[in-house]
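Peer 1:
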Amino acid sequence: MRKNVLNNEMVPKRQLVRIVRNKEGKVAIDPSGKMPGRGAYVGLDAQALQSPQAQKTLARVLQVQLSADFYQELYDYVEHQQARFELFGELGKKH
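First residue of the sequence shown: 1423, per the working numbering; consecutive thereafter.
(1) Hey, how far is the Cα of Asn1429 from the Cα of Thr1479?
(2) When you compare only the Cα positions, how much space is there between Glu1501 and Phe1492?
(3) Report buried or exposed for Asn1444, applying the criterion of at least 16 other Cβ atoms within 10 angstroms of its Cβ.
(4) Check each candidate in Glu1508, Met1423, Ala1490 and Phe1510 and name the one with the smallest Cα separation from Tyr1463.
(5) Taking 8 angstroms as the limit between beta carbons, can you name the residues of its chain near Glu1508, skipping five residues before and five after?
(6) If you run the structure through DSSP and keep just helix, strand and coil, what is Val1464?
So, in structure tokens, the structure goes:
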């Protein structure tokens, strides 16, 4: 279980996306969940990422300014993962 930083709910790790800021201050999406650095988790709700409040929260948690390009990349990734989850159920499970 991990905390979704956008709504402060505890959610199973498989239903979250990890974003990490490394020592150099670069921010990246961490699909493996194992990259070194300060991490934050967001849920598989692409619409929640669109709000300015969500963007401010994520920047505050990671302690870095995030570009519009990064938000678009994150939105696209979350939207893709959300669609996969709806199609296949639990992420990572094979039928």
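Glycine included, every Cβ here is placed at the ideal spot set by N, Cα and C.
Peer 2: In this structure, then:
(1) Numbered from 1 along the sequence shown, position 7 holds the residue referred to as residue 1429. Numbered from 1 along the sequence shown, position 57 holds the residue referred to as residue 1479. Cα to Cα, Asn1429 sits roughly 10 angstroms from Thr1479.
(2) Walking along the sequence shown from the start, residue 1501 turns up at place 79. Walking along the sequence shown from the start, residue 1492 turns up at place 70. Computed Cα separation, rounded: 14 angstroms.
(3) Here residue 1444 refers to the residue found at position 22 of the sequence shown. With fewer than 16 Cβ atoms within 10 Å of its Cβ, Asn1444 is classed as exposed.
(4) Indexing the sequence shown from 1 puts residue 1463 at position 41. Checking every option, the nearest Cα to that of Tyr1463 belongs to Met1423.
(5) Position 86 of the sequence shown, counted from the start, is the residue given in the question as residue 1508. The answer is none, since no qualifying residue turns up.
(6) On the sequence shown, position 42 is the one that residue 1464 refers to. Looking at Val1464 - three-state DSSP - the assignment turns out to be strand.
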